[in-house]
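Written out below as structure tokens is the structure these notes cover.
Protein chains in written order, with the numbering used here: chain A, 3 to 279; chain B, 38 to 350.
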């Protein structure tokens, strides 16, 4: 990827982070850590990869995106606002009683949300259904999904892993936000889902392990998924929870805590400083 | 008595029949031979997908298919659809109001020998509490076929409840018309009204004949759509007869009888007696003695009709 493109996508990722933090801070509720860790992946998908039209969010032939780790809705809403699905100012209304921006993604109320998620383990199954639908209808759209590493403890994730491989859903490309932290602590201490890559290999997926903040690696992995036939692809992304905000990085506390005014201002200052340079 | 056909058989046949006309796809969880979706699979192998023994994934895959414009039927036993996959149905189908049809067979105690783990007497309860869910519990093969077509034509989530047991055919295929949410008066009556659903409709008709011997004229009303329930018809008969009995092959807690009670209590309070599984689990056995043991019989209905009449003011 050209340096200018990388810089452009990194700037978009920074704006996604700012949008997500604004939403969580305005609501004084929500999940900042895992929204920041997937900002680079979201920036790549929505601004360099997916064939979507914000003016026509239900376009039948669009690529689909399912946020299986639905609690990081602030990240998803921020990229959708950045892409033009709805006004950025609306991010301030996140989780408010008169807002359409529900606490977890709601496909009925939010333009651009392809699947209602929030109950962990369900999104990836629905993504399988969308990928299967493309096969049935001979459509060439692709389906993307992001799972959390803590989410892997849900048994249904492995039901869907079997299903996607069995039906050779090579139009499905999933990511795991492998930041190593879940609500109760480190995933290796709460419920160890590692080795993630070997599990998915054993389930007959095409598996790629990358640095989830390296846009070149994201691009290479997504392109690899597109040329891989007969298997779904799992891109295991090593990420930093709270990425881009010094006091949030790798801190489990920031899984589901909103920053107060000082913390928010510091976070905005740090991310803003990273833009453009 | 006319031919006996299980509603699950009618379900499988209807899927195969309507597969020619409508854009349906069928999912099953390793029970195609039992749920009778195998009939569809044989005719449309490329629109049938076995999901293996993984019901939670199956119904959520169905949600993804529906979100992509298809009309999926997800099939399993009622126990594993409305039971195991309840939360998936609630969050991935009910909440986004997706166009998924749950084809649940082997509902109720008439599963027989398999016993309590497979006899689902709770599915009306779990499905009824999901906002926007339509529930159809057909009484015979003709109604089951019509239920499948009605579910296809209706855009939104539908739970279809079918049985394993071969039951008498009550309706004429040529003349039967299903209207979702509208009950069918099988026989009019002035002393009491028996509201029945599923296989209990025929048993209620037998009870009506027995009651004639005691000079009691009971109406029998078939409620195939448990939700949305036919309030007007229930209120009308509550007013005209003043005594109601409900009959269902389901726990009387949170089931069909409860739904009727809600309507009656809020609109026209009259005595209601509920016939059904009396808040207990089933057990293994042949079906006729099981129905006897659990009171799903004409005589138990007649006894309850008399109780309801005695409770009239």
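Just so it is clear, CB atoms sit at the ideal spot from N, CA and C, and this is done for glycine as well.
field: Residue closest to residue 70/A, alpha-carbon to alpha-carbon, out of 218/A, 189/A and 175/A
entry: 175/A
message: If you reduce the DSSP assignment to three classes, tell me which class residue 48/A lands in.
response: Helix at residue 48/A.
- prompt: Would you say the region 222 to 236 of chain A touches the region 168 to 188 of chain A, given that touching needs at least three Cβ pairs under 8 Å?
  reply: yes
message: Distance cutoff 7 Å, beta carbons only. Does residue 57/A sit that close to anything in chain B?
response: no
- request: Below 8 Å CB to CB, which residues in the same chain sit around residue 79/B once its five sequence neighbours on both sides are set aside?
  value: 53
- prompt: Between the region 119 to 146 of chain B and chain A, which residues of the former have CB atoms less than 9 Å from a CB of the latter, in chain order?
  reply: 124, 125, 127, 128, 129, 132, 133, 134 and 135
message: Only counting the same chain, and skipping five residues up and downstream in sequence, which positions put a Cβ closer than 6 Å to that of residue 156/A?
response: 122 and 123
- prompt: Do the CB positions of residue 281/B and residue 309/B come within less than 7 Å of each other?
  reply: A contact, by the Cβ cut-off of 7 Å.
DSSP bridge partner residues for residue 66/B (one or two, in chain order): According to DSSP, residue 66/B bridges with nothing at all.
Residue 57/B classed as buried or exposed, judged by whether at least 16 other C-beta atoms fall within 10 angstroms: exposed
task: Buried or exposed for residue 38/B, please, with buried defined as at least 16 other CB atoms from any protein chain shown within 10 angstroms of its CB.
output: Because the pLDDT of residue 38/B is 49, which lies under 50, any placement of that residue in the model is unreliable, and the number read from its coordinates should be weighed accordingly. By the 10 Å Cβ count, residue 38/B comes out exposed.
field: Host alpha helix (DSSP H) of residue 20/A (start-end)
entry: Here the alpha helix (DSSP H) through residue 20/A covers 5 to 29.
task: Could you pull out every unbroken beta strand (DSSP E) segment of at least 3 residues lying fully inside the region 216 to 254 of chain A, listed in chain order?
output: 235 to 240
query: In chain A, what lies closer than 8 Å to residue 98/B by C-beta?
result: 127, 128, 130, 131, 134, 162 and 165
message: Measuring straight from C-alpha to C-alpha, what distance separates residue 217/B and residue 132/A?
response: 29 Å
query: Where does residue 297/B fall in DSSP's three states?
result: helix
query: Between residue 121/A and chain B, is there a C-beta pair that is closer than 7 Å?
result: yes
- request: Anything in chain A within Cβ reach of residue 232/B, meaning under 7 Å, just list it in chain order.
  value: Chain A residues near residue 232/B: none, gap ~34 Å exceeds 7 Å.
Identified DSSP bridge partners for residue 171/B: 195/B
field: For residue 113/B, the first and last residue of its enclosing beta strand (DSSP E)
entry: 108 to 114
task: Name, in chain order, the residues that DSSP records as bridge partners for residue 351/B.
output: For chain B, the structure presents residues 38 to 350; residue 351/B sits outside this window and is missing.
task: Mark residue 59/B as exposed unless 16 or more other C-beta atoms lie within 10 angstroms of its C-beta, in which case mark it buried.
output: exposed
Contact the region 54 to 62 of chain A vs the region 104 to 111 of chain A: 3+ CB pairs below 8 Å: no
task: Give, in chain order, every residue of the region 93 to 110 of chain A whose Cβ lies closer than 9 Å to some Cβ of chain B.
output: Only those residues of the region 93 to 110 of chain A whose C-beta falls short of 9 Å from the nearest C-beta of chain B are listed: 108, 109 and 110.
field: Backbone secondary structure at residue 274/A - three-state DSSP
entry: helix
message: Can you look up residue 38/B in the DSSP assignment and give me helix, strand or coil?
response: Below a pLDDT of 50, predicted positions are generally treated as unreliable, and residue 38/B, at 49, falls in that range; no measurement from the model is reported.
message: Can you check whether the C-beta of residue 265/A is within less than 7 Å of a C-beta belonging to chain B?
response: no
- prompt: If you compare alpha carbons, which of 120/A, 6/A and 75/A is closest to residue 35/A?
  reply: 75/A
field: residue 52/B (DSSP reduced to helix, strand or coil)
entry: helix
message: Quick check on residue 38/B - is its C-beta less than 7 Å from some C-beta in chain A?
response: For residue 38/B, the pLDDT reaches just 49, beneath the cut-off of 50, and the residue's location in the model is therefore unreliable, leaving the point undetermined.
query: If you drop the 5 nearest sequence neighbours on each side, which residues of the same chain put their C-beta closer than 8 Å to that of residue 83/A?
result: Within the same chain, residue 83/A has close Cβ partners 21, 89, 90, 92 and 93.
message: Can you check whether the C-beta of residue 81/A is within less than 7 Å of a C-beta belonging to chain B?
response: no
field: Nearest to residue 264/B (by Cα), restricted to the options 348/B, 334/B, 162/B and 63/B
entry: 162/B
task: Ignore the nearest five residues each way along the sequence and tell me which others in residue 131/B's own chain have a CB closer than 8 Å to its CB.
output: 167, 168, 169, 170 and 194
- prompt: What is the residue span of the beta strand (DSSP E) that residue 33/A lies within?
  reply: Per DSSP, residue 33/A belongs to no beta strand (DSSP E) and is neither H nor E.
message: Looking at chain A, is there any beta carbon in it that lies within less than 7 Å of the beta carbon of residue 277/B?
response: Chain A has no Cβ within less than 7 Å of the Cβ of residue 277/B.
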